[in-house]
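S.K.:
2 protein chains.
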Amino acid sequence: MEYKNVLNHISNKVPLTEEEENIIASKLKLKHYLKGQYIIQEGDVNRHQVFVVSGKVRTFYLDQSGKEHIVAFGIENWWTGDICSFSTQTPAEFNTQCIDKTTVVRISYDDMEQLYSEVPKLERYFRIILQAAYGSMTKRIIRNHSMPAKERYVLFTETYPEIVQQVPQYMIASYLGITKEFLSNIRSQLSDTSKGKS
Amino acid sequence: MEYKNVLNHISNKVPLTEEEENIIASKLKLKHYLKGQYIIQEGDVNRHQVFVVSGKVRTFYLDQSGKEHIVAFGIENWWTGDICSFSTQTPAEFNTQCIDKTTVVRISYDDMEQLYSEVPKLERYFRIILQAAYGSMTKRIIRNHSMPAKERYVLFTETYPEIVQQVPQYMIASYLGITKEFLSNIRSQLSDTSKGKS
DNA sequence: CGAAAATTTGACATGACTCAACTGGAGTGG
DNA sequence: CCACTCCAGTTGAGTCATGTCAAATTTTCG
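Sequences listed follow chains Y and G, in order. So the first sequence is numbered by the numbering used here: it starts at 1 and just counts up by one. So the second sequence is numbered by the numbering used here: it starts at 1001 and just counts up by one.
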């Protein structure tokens, strides 16, 4: 079944007994979305922890002038969504939208709290996940501050080749914090230099 | 004693029994630093989780050209240091240095692991802390992408007035991702407009 | 095929950086 | 108490990275 993905992901960090797996599985709900559908909308409280089983999503912020800023992508076997809204149960500042047909598994806030008490190992699991996520966010900020856009783009293509192939360029530009026009410019520079130096 | 700060901070999120407090306290070590001393140096493995009791520290990255980029400040009652290095026990990419005379409480990696098994509540505590930290990192990235430097600076002064007063300007510039000269420029613009419009 | 979405291109504008010189404390020591 | 130095902050001229806007082109897909 589709729950295997999540359960494996958890078991990898924090081995689970069969009973624990069953308890967790009992709280999981499968959900299907079409391309373009919103999983979470700005202003709503995010009532679910969301794990992407297949497909891909993006989480973005809409600024006053109506520009989109991509906060994060979510692909197979990643947790996604507005953690801040979920953990404080306050209105989300971000939108999470499906880039493609997407299947997720989710856990409601109340079920999650109950799970934490029934399977305390999950606290450890999410602590570990969050440590890694926090570390990579930190590095992302530092890169934004210390590397020019061209290098950031190259690094991104090396780090997440799947994402580069699968999502439209303008979203990658937004994730990197540059305009789509400028990314286009960068790409043409890169393809020029990769051709001979005649 | 000086351990009260940490223990209170933990108890606030995750109420502790007296016995649990004692177990935790038994692993805590107090440490004093002078202005300018390093708590963690790039390249070393960060073997301690560090909590600032008094004073202030900064964590920064040194890029290839030798420029400093401030990752985070740490002030009273904040956890600080290179989480990534600590959690993976690999060499740190960042330096953590005291801006002033500073007192910290720390827990070694091994003790921390042992604590997690003796006082599982700590997993929950750090999960909660990390959720908040991750959320604020996310917002920091989005602000960098969606607001011009002047607004970011104003927001920073409103959010962390203590830090603005206590640390040198050039560090704040670095934290915001701009040069000290440009921050100086911004500040003079701000003080001009606050004076009459003659 | 045809329309909408994504990407590219180019002219022009600007926010932010660099570099270098200058100002103004805060020690320090004679 | 002055002279000297050191460090933080300021100022200004010139430059560069990246943004804006508008149009052209290519790709996607019903």
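Every residue, glycine too, gets a C-beta built ideally from N, C-alpha and C.
#1: Can you tell which of G:Val1045, G:Tyr1160, G:Met1147, G:Gln1189 has its C-alpha closest to the C-alpha of glutamine 178 of chain Y?
#2: Under 8 Å: do the region 1149–1156 of chain G and the region 153–164 of chain Y share three or more Cβ pairs, one atom per stretch?
#3: Measuring only the C-alpha atoms, how far is serine 184 of chain Y from glutamine 165 of chain Y?
#4: Just verifying my parser: in three-state terms, what is the DSSP assignment at serine 1085 of chain G?
#5: Going by CA-CA distance only, name the one from Y:Gly55, Y:Val6, Y:Leu130, Y:Leu115 that's closest to leucine 34 of chain Y.
#6: Hey, glutamine 1049 of chain G and arginine 1106 of chain G are a contact pair by Cβ (cut 8 Å); roughly how many whole angstroms apart?
#7: According to a CB-to-CB cut-off of less than 7 Å, which residues of the region 1119–1131 of chain G neighbour chain Y?
#8: Alpha carbons only, please: which of Y:Tyr3, Y:Leu176, Y:Lys101 is nearest the one belonging to lysine 29 of chain Y?
#9: Would you call leucine 16 of chain Y buried or exposed, if buried means 16 or more other Cβ atoms sit within 10 Å of its Cβ?
#10: Is the distance from the Cβ of asparagine 1005 of chain G to the Cβ of glutamate 1042 of chain G below 8 Å?
#11: Compare the beta carbon distance of glutamate 118 of chain Y and glutamate 1123 of chain G with 8 Å and say whether it is the shorter of the two.
#12: Determine contact between the region 1130–1141 of chain G and the region 1051–1070 of chain G, defined as no fewer than three beta-carbon pairs at a distance below 8 Å.
#13: Does the beta carbon of serine 87 of chain Y sit closer than 8 Å to a beta carbon anywhere in chain G?
#14: By a C-beta neighbour count over all protein chains shown, 10 Å radius and 16 as the cutoff for buried, is methionine 1 of chain Y buried or exposed?
#15: With a threshold of 8 Å between beta carbons, is serine 69 of chain Y in contact with chain G?
#16: By how many angstroms is the C-alpha of valine 1053 of chain G removed from the C-alpha of isoleucine 1040 of chain G?
#17: Can you tell me where the beta strand (DSSP E) holding glutamate 1020 of chain G begins and where it ends?
#18: Buried or exposed: which applies to aspartate 44 of chain Y, given that a residue is buried once 16 or more other Cβ atoms fall within 10 Å of its Cβ?
#19: So, is serine 1085 of chain G buried or exposed, given that buried needs 16 or more other C-beta atoms within 10 angstroms?
#20: In chain order, what residues of the same chain lie with their CB nearer than 7 Å to the CB of aspartate 100 of chain Y, ignoring the 5 residues before and after it?
#21: Compare the C-alpha of tyrosine 1170 of chain G against each of G:Ile1010, G:Ile1070, G:His1145, G:Asn1022 and name the closest.
#22: Return no unless some Cβ of chain G is closer than 8 Å to the Cβ of tyrosine 170 of chain Y.
#23: Kindly list the residues whose CB is nearer than 8 Å to the CB of tyrosine 1125 of chain G, restricted to its own chain and excluding five residues on each side of it in sequence; keep chain order.
#24: Taking the straight line between their C-alpha atoms, what separation do you get for glutamine 1037 of chain G and alanine 1025 of chain G?
#25: Measure from the alpha carbon of threonine 103 of chain Y to the alpha carbon of each residue in Y:Ser191, Y:Ile75, Y:Ile186, then state which is nearest.
#26: Could you give the DSSP three-state label for glutamine 1041 of chain G: helix, strand or coil?
#27: For the beta strand (DSSP E) containing lysine 51 of chain Y, name the first residue and the last one.
#28: Determine, for asparagine 1228 of chain G, whether the minimum Cβ-Cβ distance to residues of chain Y falls below 8 Å.
#29: Under the assumption that isoleucine 1186 of chain G contacts tyrosine 134 of chain Y (Cβ atoms under 8 Å), give the Cβ distance between them as a whole number of angstroms.
#30: Buried or exposed: where does glutamate 19 of chain Y fall if 16 or more other Cβ atoms within 10 Å of its Cβ makes it buried?
#31: Check whether the Cβ atoms of methionine 1137 of chain G and methionine 137 of chain Y lie closer than 8 Å to each other.
#32: Taking the Cβ atom as the reference point for each residue, do isoleucine 23 of chain Y and isoleucine 1141 of chain G lie within a distance shorter than 8 Å?
#33: Count the other C-beta atoms from every protein chain shown that fall within 10 angstroms of the C-beta of histidine 1145 of chain G, then say buried if there are 16 or more, exposed otherwise.
#34: May I ask you to list the residues that DSSP assigns as paired with valine 105 of chain Y?
#35: Please name the residue, chosen from G:Tyr1116, G:Ile1163, G:Leu1176, that lies closest to arginine 1143 of chain G on a Cα-to-Cα basis.
#36: In chain order, what residues of the same chain lie with their CB nearer than 6 Å to the CB of glycine 196 of chain Y, ignoring the 5 residues before and after it?
M.R.: In short:
#1: Before going further, note that residue 178 of chain Y is isoleucine rather than glutamine in the sequence given. The option with the nearest alpha carbon to isoleucine 178 of chain Y is G:Met1147.
#2: no
#3: 15 Å
#4: helix
#5: Y:Gly55
#6: 6 Å
#7: Pro1120, Glu1123, Arg1124, Phe1126, Arg1127, Leu1130, Gln1131
#8: Y:Tyr3
#9: buried
#10: no
#11: no
#12: no
#13: yes
#14: exposed
#15: The identity of residue 69 of chain Y in the sequence shown is histidine, whereas the question assumes serine. Judged by the 8 Å Cβ criterion, histidine 69 of chain Y is in contact with chain G.
#16: 17 Å
#17: No beta strand (DSSP E) contains glutamate 1020 of chain G, which is instead part of the alpha helix (DSSP H) from 1018–1027.
#18: exposed
#19: buried
#20: Lys35, Gly55, Lys56
#21: G:Ile1070
#22: no
#23: Ile1010, Lys1013, Val1014
#24: 25 Å
#25: Y:Ile75
#26: coil
#27: According to the sequence shown, residue 51 of chain Y is phenylalanine rather than lysine. Note, phenylalanine 51 of chain Y: beta strand (DSSP E), 48–54.
#28: With chain G running from 1001 to 1198 in the structure shown, residue 1228 of chain G is simply not present.
#29: Actually they are not in contact, since the Cβ atoms of isoleucine 1186 of chain G and tyrosine 134 of chain Y sit about 29 Å apart, beyond 8 Å.
#30: exposed
#31: yes
#32: no
#33: buried
#34: Y:Leu30, Y:Phe51
#35: G:Leu1176
#36: Because the pLDDT at glycine 196 of chain Y is just 46, under 50, the model does not fix this residue reliably, and the value given afterwards should be weighed accordingly. So the list is empty, once near-sequence residues are dropped.
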